[in-house]
Amino acid sequence: MSQQRSNTATRVRRHAGPSIFGCNLDVLLSAEARDTAFRTQVGWVEKDGGGYYDTWAVEILHKDYKGAFDIDGIFLNSILMKVSES
Numbered sequence: 036m037s038q039q040r041s042n043t044a045t046r047v048r049r050h051a052g053p054s055i056f057g058c059n060l061d062v063l064l065s066a067e068a069r070d071t072a073f074r075t076q077v078g079w080v081e082k083d084g085g086g087y088y089d090t091w092a093v094e095i096l097h098k099d100y101k102g103a104f105d106i107d108g109i110f111l112n113s114i115l116m117k118v119s120e121s
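Using this note's numbering, the letters of the sequence shown correspond one by one to residues 36 to 121.
In structure tokens form, the structure reads like this:
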């Protein structure tokens, strides 16, 4: 399952990543560059001097994101809608 998730993430990153994040593919190829550029958009939560990636409280997934999971806004971000149309 972990390998499948990794393969899917790589495919999405390379094929749809530039459209989703409005950047060049070069930025997405480096884990360090991705972390620096998109950390907050993909669910990074600061906690107790460290942090973690939240599964659902992710800005890029929500329409009108307010800092937390919203059942009425999940998967409705206009950026994702644009990518699904292309």
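Virtual Cβ for every residue (Gly too), placed ideally from N, Cα, C.
Inter-residue distance for D99 and S37 is about 31 Å (C-alpha atoms, whole angstroms). Contact annotation: L64 and P53 have beta-carbon atoms that are not nearer than 8 Å.
L115 and N42 have their C-alpha atoms some 20 Å from each other. Burial is judged here by how many other beta carbons sit within 10 angstroms of a residue's own beta carbon; I106 has fewer than 16 and is exposed. Nearest to G78 by alpha-carbon distance, out of C58, A44, E94, is E94. The residues G78, V80, G102, A103, F104, in chain order, have a CB closer than 8 Å to that of A92 in the same chain once the five nearest residues on each side in sequence are set aside. In this model, G86 and F56 are separated by some 22 Å (Cα to Cα). Looking at the DSSP output, W91 bridges to nothing. With a beta-carbon spacing of about 6 Å, L96 and F110 fall inside the 8 Å limit used to define contacts.
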